[in-house]
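Number of protein chains: 2
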Amino acid sequence: MKKTIYDVAKAAGVSITTVSRVINNTGRISVKTRQKVMAVMKEMDYLPNVHASALTGKRSNIIGLLTPDISNPFFGELAKSIEDRADELGFNIIICSTDHDSKKESKYFSILKQKSVDGIIFATGIENHDSMSALEDIVNDDIPLAMISQDKPLVPMDIVIIDDFLGGYAATNHLLSLGHRKIACIMGDGSTTGEKDRMKGFRQAMQEADVPIDDSLFVPTVFSLKSGKEEAGKLFDRSMPTAIFAFNDVLACAAIQAARERGIKVPEDLSIIGFDNTVLAEMVDPPLTTMSQPIPEMGRRVVELLVDEMKGKKTAKQKIMLPPELVIRHSTARLKDIPPVRLS
Amino acid sequence: MKKTIYDVAKAAGVSITTVSRVINNTGRISVKTRQKVMAVMKEMDYLPNVHASALTGKRSNIIGLLTPDISNPFFGELAKSIEDRADELGFNIIICSTDHDSKKESKYFSILKQKSVDGIIFATGIENHDSMSALEDIVNDDIPLAMISQDKPLVPMDIVIIDDFLGGYAATNHLLSLGHRKIACIMGDGSTTGEKDRMKGFRQAMQEADVPIDDSLFVPTVFSLKSGKEEAGKLFDRSMPTAIFAFNDVLACAAIQAARERGIKVPEDLSIIGFDNTVLAEMVDPPLTTMSQPIPEMGRRVVELLVDEMKGKKTAKQKIMLPPELVIRHSTARLKDIPPVRLS
DNA sequence: CTGTTAGCGCTTTCAC
DNA sequence: GTGAAAGCGCTAACAG
Numbered sequence: 001m002k003k004t005i006y007d008v009a010k011a012a013g014v015s016i017t018t019v020s021r022v023i024n025n026t027g028r029i030s031v032k033t034r035q036k037v038m039a040v041m042k043e044m045d046y047l048p049n050v051h052a053s054a055l056t057g058k059r060s061n062i063i064g065l066l067t068p069d070i071s072n073p074f075f076g077e078l079a080k081s082i083e084d085r086a087d088e089l090g091f092n093i094i095i096c097s098t099d100h101d102s103k104k105e106s107k108y109f110s111i112l113k114q115k116s117v118d119g120i121i122f123a124t125g126i127e128n129h130d131s132m133s134a135l136e137d138i139v140n141d142d143i144p145l146a147m148i149s150q151d152k153p154l155v156p157m158d159i160v161i162i163d164d165f166l167g168g169y170a171a172t173n174h175l176l177s178l179g180h181r182k183i184a185c186i187m188g189d190g191s192t193t194g195e196k197d198r199m200k201g202f203r204q205a206m207q208e209a210d211v212p213i214d215d216s217l218f219v220p221t222v223f224s225l226k227s228g229k230e231e232a233g234k235l236f237d238r239s240m241p242t243a244i245f246a247f248n249d250v251l252a253c254a255a256i257q258a259a260r261e262r263g264i265k266v267p268e269d270l271s272i273i274g275f276d277n278t279v280l281a282e283m284v285d286p287p288l289t290t291m292s293q294p295i296p297e298m299g300r301r302v303v304e305l306l307v308d309e310m311k312g313k314k315t316a317k318q319k320i321m322l323p324p325e326l327v328i329r330h331s332t333a334r335l336k337d338i339p340p341v342r343l344s
Numbered sequence: 001m002k003k004t005i006y007d008v009a010k011a012a013g014v015s016i017t018t019v020s021r022v023i024n025n026t027g028r029i030s031v032k033t034r035q036k037v038m039a040v041m042k043e044m045d046y047l048p049n050v051h052a053s054a055l056t057g058k059r060s061n062i063i064g065l066l067t068p069d070i071s072n073p074f075f076g077e078l079a080k081s082i083e084d085r086a087d088e089l090g091f092n093i094i095i096c097s098t099d100h101d102s103k104k105e106s107k108y109f110s111i112l113k114q115k116s117v118d119g120i121i122f123a124t125g126i127e128n129h130d131s132m133s134a135l136e137d138i139v140n141d142d143i144p145l146a147m148i149s150q151d152k153p154l155v156p157m158d159i160v161i162i163d164d165f166l167g168g169y170a171a172t173n174h175l176l177s178l179g180h181r182k183i184a185c186i187m188g189d190g191s192t193t194g195e196k197d198r199m200k201g202f203r204q205a206m207q208e209a210d211v212p213i214d215d216s217l218f219v220p221t222v223f224s225l226k227s228g229k230e231e232a233g234k235l236f237d238r239s240m241p242t243a244i245f246a247f248n249d250v251l252a253c254a255a256i257q258a259a260r261e262r263g264i265k266v267p268e269d270l271s272i273i274g275f276d277n278t279v280l281a282e283m284v285d286p287p288l289t290t291m292s293q294p295i296p297e298m299g300r301r302v303v304e305l306l307v308d309e310m311k312g313k314k315t316a317k318q319k320i321m322l323p324p325e326l327v328i329r330h331s332t333a334r335l336k337d338i339p340p341v342r343l344s
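And the structure:
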């Protein structure tokens, strides 16, 4: 039932070589033959078998995407923009949810290799030893690679990131400019370069403003609503800040919820700034002031970087750094002056 | 640089057939040989080339997933649960965003066919002619198929859906039980069976409660925050209901925002119930009362259905209907009695 | 129990 | 310009 190149050749009255040539646009073929063959292919609804051509060294037109969790809106939106651009360029995406599990990471590495994908995009950290060595294998195997939203200073690689330092700096400055001094940071485990840079930006801004940094105001957690809420709650009970810099929108939402449960008003009593500017940011109440990442552009750019590399267009690895942007909504406000005396 | 079955055979001092046999666990092999070969494979870090085996009729272990939009939390969460279960069963997922575009749908059909995926999961409508005939092609080609969250009454197929009729009925009853009578429905274009059934459930509940149905309270829109907000706004300006049944959580959020912009309080002045119970539901303020879909289970079940079909385990097509569940949070409340006289 | 051999559908020399 | 034929890496009869 399946059409093969032989069927086409027979129907067109030529050899399979000729058909192959018109498919791949190689060699010299008379206009007549080419048209004839094209017509037949169209009519038969013929599509070359990918496995067969992949076997003979051609591309599979598949790109592997390693992401921690597509159900997280940030990665969902990123995946969508990647898929869109890949589709335009003729590639499909195999999606791999690593769940931050290093075993799954290295497992997916080998599966993708086995499926001989044309390239791999990383949207996930690769901090542990296992996946690091798997990564090296991939590099050694000359499988094109690109990272997004994750820096890897040691290895030369194609990378698309945002300027996290600037992001941390700008977010903090926004809070500072509203009069806040006691600012807490709610973040992940602090292991990724992105987090580290945001923290550096935070420190830099605080320092420039001559505000001493209280390390007990750094709240490490996991990037999930649940644990964010717990940790934020503990923080509030321990030492109430006037503002919070959350390292992503989910964590910012968590902080809002924790505050609400305690009757703390946002932004009147507590300003909160997020990071990412996912759909969540405009959904919550109050709408989130947040550092926006240009997700669609980031997705587009990694794909282009990767495809260029696959086609051998590029010589050197590139690092594309995009600027984040402050989006002011309603979760941050000027610090209230605490009246020295209550005039009841 | 790439290891082939020949390398393994040579290193193990056996023929490639033997190697193939231990890989696929077919035929009889002495324990010794098997162990020897296994050891060599492990040591060489050998993985069989998928394209080669796919070419000889074996599975590609790839499942295609057609979804309208993974950046929508519902489909994101669904995709995640599908990917998880597929991974457990040894399959990878190629994700295809159709954007509700029928051209993309049929285009993806043929790409997936060409990539000889082992099966296809539909999480998207196939209402138009083009994709309908493409679907038939797939059925004719004997490519296993399963639909999720979309019924297709005409064709026998493996399907996992929720009981949308019950969902519409229960949601409406909840509102009714709180004393509401003027209930508006904010929905998509009403074309899918899911929407139709929810509407039937709505009508049924209203009828049983002897509440006349006002057709001007059906608000068709697109499943997006923006247009949901616009349409809800128009509705409010036109004829203010006391409660809203939104056909998904995004639309419910949209209604909340439109209400807030007009100073209408939820749930005091307006009750809103959503559908899906995505992360959004717990993020918004007020947290959304909504009809919960068992997303993780739905994802798990489609994959299982599809894999069973691929393995030829099943005889007849199945339709699995899961019950939705009312999750009461804070966006719905008892209709306030309008005091006949204000005792200011 | 194990090896030989003929393809799977396609690309790519090498002849004509 | 076009075709014959040799693989790509693997599976599956078919023989021993």
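Protein sequences appear in the order of chains A and B. Quick note: the first sequence uses the UniProt record's numbering, first residue 1, plus one each step. Quick note: the second sequence uses the UniProt record's numbering, first residue 1, plus one each step. Glycine included, C-beta positions come from ideal geometry on N, C-alpha and C.
Mind pulling the chain B residues with CB within less than 9 Å of residue 92 of chain A?
-> Within the first sequence, numbered from 1, the residue matching residue 92 of chain A stands at position 92. Neighbours of residue 92 of chain A on chain B, chain order: 64, 94, 95, 96, 108, 111, 112 and 115.
How many Å lie between residue 290 of chain A and residue 275 of chain A at the Cα?
-> Indexing the first sequence from 1 puts residue 290 of chain A at position 290. Indexing the first sequence from 1 puts residue 275 of chain A at position 275. Cα to Cα, residue 290 of chain A sits roughly 5 Å from residue 275 of chain A.
N- and C-terminal bounds of the beta strand (DSSP E) containing residue 82 of chain B | Looking up residue 82 of chain B in the second sequence gives position 82. Element bounds for residue 82 of chain B: not the beta strand (DSSP E) but the alpha helix (DSSP H), 73-88.
Proximal chain A residues relative to residue 267 of chain B, where beta-carbon distance stays under 9 Å | Within the second sequence, residue 267 of chain B is the residue found at index 267, counting from 1. Neighbours of residue 267 of chain B on chain A: none; closest Cβ ~13 Å, over 9 Å.
Counting only runs of 3+ residues fully inside the stretch 221-306 of chain A, write out the beta strand (DSSP E) ranges in chain order.
-> Those beta strand (DSSP E) runs which fall completely within the stretch 221-306 of chain A and span 3+ residues are 243-246, 271-276 and 289-292.
Top-ranked residue by Cα proximity to residue 150 of chain A, from A/248, A/109 and A/195 = Within the first sequence, numbered from 1, the residue matching residue 150 of chain A stands at position 150. Looking at A/248, A/109 and A/195, the one whose alpha-carbon comes closest to that of residue 150 of chain A is A/195.
For residue 304 of chain A and chain B, any beta-carbon pair shorter than 8 Å?
-> Here the question's residue 304 of chain A lines up with position 304 in the first sequence. No, because no Cβ of chain B sits closer than 8 Å to the Cβ of residue 304 of chain A.
Return the first residue and the last residue of the alpha helix (DSSP H) that residue 196 of chain A is part of.
-> For the purposes of this step, residue 196 of chain A is identified with residue 196 of the first sequence, where counting begins at 1. Taken as a continuous stretch (DSSP letters only), the alpha helix (DSSP H) holding residue 196 of chain A covers 193-208.
Taking the C-alpha atoms as reference points, what is the distance between residue 48 of chain B and residue 57 of chain A?
-> One-based indexing of the second sequence puts residue 48 of chain B at position 48. One-based indexing of the first sequence puts residue 57 of chain A at position 57. Approximately 16 Å, taken between the alpha carbons.
Residue from A/286, A/7 and A/5 with nearest C-alpha to residue 268 of chain A = The residue labelled residue 268 of chain A in the question sits at position 268 within the first sequence. Here the closest residue by C-alpha is A/286.
Chain B contact for residue 4 of chain A (CB, 8 Å cutoff) | Here the question's residue 4 of chain A lines up with position 4 in the first sequence. So no, residue 4 of chain A is outside the interface.
When you compare only the Cα positions, how much space is there between residue 114 of chain A and residue 102 of chain A?
-> Start at 1 with the first residue of the first sequence, and residue 114 of chain A comes out as number 114. Start at 1 with the first residue of the first sequence, and residue 102 of chain A comes out as number 102. Rounded to whole angstroms, residue 114 of chain A to residue 102 of chain A spans 19 Å at the Cα level.
One or two residues paired with residue 97 of chain B in a DSSP bridge | Mapped onto the second sequence, residue 97 of chain B falls at position 97. Residue 97 of chain B is bridged to B/67.
How big is the Cα-Cα spacing for residue 336 of chain B and residue 98 of chain A?
-> Walking along the second sequence from the start, residue 336 of chain B turns up at place 336. Walking along the first sequence from the start, residue 98 of chain A turns up at place 98. Cα atoms of residue 336 of chain B and residue 98 of chain A: separation of roughly 49 Å, rounded to the nearest angstrom.
On the three-state DSSP scale, how would you describe residue 333 of chain B?
-> What you label residue 333 of chain B is simply residue 333 of the second sequence in a count that begins at 1. Coil at residue 333 of chain B, not helix or strand.
Which residue's Cα is closest to the Cα of residue 180 of chain A: A/53, A/333 and A/255?
-> To locate residue 180 of chain A, count along the first sequence from 1; it is residue 180. Comparing Cα-Cα distances from residue 180 of chain A to each of A/53, A/333 and A/255, the minimum goes to A/333.
Provide the residue(s) that pair with residue 105 of chain A in DSSP beta bridges, ordered along the chain.
-> Walking along the first sequence from the start, residue 105 of chain A turns up at place 105. In the DSSP assignment, residue 105 of chain A forms no beta bridge with any residue.
Consult DSSP for residue 187 of chain A and reduce its assignment to one of helix, strand or coil.
-> Indexing the first sequence from 1 puts residue 187 of chain A at position 187. Residue state, collapsed to three classes: strand.
Helix or strand or just coil, what does DSSP make of residue 16 of chain A?
-> Stepping through the first sequence from its first residue, residue 16 of chain A is reached at position 16. Three-state result, residue 16 of chain A: helix.
Output, in chain order, the set of chain B residues within a Cβ distance shorter than 9 Å of residue 285 of chain A.
-> If you number the first sequence from 1, residue 285 of chain A lands on position 285. Listed by position along chain B, the residues whose Cβ is nearer than 9 Å to that of residue 285 of chain A are 256, 257, 260, 284, 285 and 286.
Quick one, which residues of the stretch 42-62 of chain A are near chain B if we go by CB-CB under 9 Å, in chain order?
-> Interface annotation for the stretch 42-62 of chain A against chain B: 45, 47, 48, 49, 50, 51, 52, 53, 54, 55, 60, 61 and 62, criterion Cβ-Cβ distance under 9 Å.
Step through the CB atoms of chain A and report whether any lies within less than 8 Å of the CB of residue 89 of chain B.
-> Position 89 of the second sequence, counting from 1, holds the residue named residue 89 of chain B. Not one chain A Cβ lies under 8 Å of residue 89 of chain B.
Using a cut-off of 8 Å between C-beta atoms, extract the partners of residue 73 of chain A located in chain B.
-> Here residue 73 of chain A is taken as the residue at index 73 of the first sequence, counted from 1. The contacting residues are 71, 73, 76 and 279.
What residues in its chain sit with their C-beta under 6 Å from that of residue 83 of chain B, if we drop five residues either side in the sequence?
-> Within the second sequence, residue 83 of chain B is the residue found at index 83, counting from 1. By the criterion of a C-beta distance shorter than 6 Å, residue 83 of chain B is surrounded in its chain by 93, once the five residues flanking it on both sides are discounted.
Over what stretch of residues does the alpha helix (DSSP H) that includes residue 164 of chain B continue unbroken?
-> In the second sequence, counting from the first residue as 1, residue 164 of chain B sits at position 164. Element bounds for residue 164 of chain B: 164-177.
If you measure from the beta carbon of residue 151 of chain A to each beta carbon in chain B, is any gap under 8 Å?
-> On the first sequence, residue 151 of chain A is found 151 positions in, with the first residue counted as 1. Chain B has no Cβ within less than 8 Å of the Cβ of residue 151 of chain A.
Who are the neighbours of residue 276 of chain B on chain A, taking C-beta pairs under 8 Å?
-> As a position in the second sequence, residue 276 of chain B is number 276, starting the count at 1. Listed along chain A is no residue with a C-beta nearer than 8 Å to that of residue 276 of chain B; the closest approach is about 13 Å.
Using a Cβ cut-off of 7 Å, pull out every chain B residue sitting near residue 229 of chain A, in sequence order please.
-> Within the first sequence, the letter at position 229 stands for residue 229 of chain A. In chain order: nothing, as chain B lies at least about 10 Å away.
Residues of the stretch 312-331 of chain B with a CB closer than 8 Å to any CB of chain A: list them in chain order, please.
-> Residues of the stretch 312-331 of chain B with a C-beta less than 8 Å from any C-beta of chain A: none at all.
Integer-rounded CB distance, given that residue 174 of chain A should sit under 8 Å from residue 116 of chain B | Here residue 116 of chain B corresponds to residue number 116 of the second sequence, with the count starting at 1. Here residue 174 of chain A corresponds to residue number 174 of the first sequence, with the count starting at 1. Incorrect: roughly 52 Å between the Cβ atoms, too far for contact.
For the stretch 203-212 of chain A and the stretch 158-178 of chain A, state whether three or more C-beta atom pairs, one from each stretch, are separated by less than 8 Å.
-> Per the Cβ contact rule, the stretch 203-212 of chain A is in contact with the stretch 158-178 of chain A (3 or more Cβ pairs under 8 Å).
Per DSSP, residue 213 of chain A is paired with what?
-> Against the first sequence, residue 213 of chain A aligns to sequence position 213. None, per the DSSP bridge assignment.
Residue nearest to residue 7 of chain B in terms of C-alpha spacing, selected from B/29, B/24, B/37 and B/25 | In the second sequence, the residue the question calls residue 7 of chain B occupies position 7. Checking every option, the nearest Cα to that of residue 7 of chain B belongs to B/37.
Are at least three pairs of beta-carbons, each pair with one atom in the stretch 292-303 of chain B and one in the stretch 150-166 of chain B, less than 8 Å apart?
-> They touch, by the three-pair rule.
Is there at least one Cβ from chain B nearer than 8 Å to residue 205 of chain A's Cβ?
-> Counted from its first residue, the first sequence places residue 205 of chain A at position 205. Not one chain B Cβ lies under 8 Å of residue 205 of chain A.
Limits of the beta strand (DSSP E) - the one that residue 426 of chain A falls within | Given a span of 1 to 344 for chain A in the structure shown, any question on residue 426 of chain A remains unanswerable.
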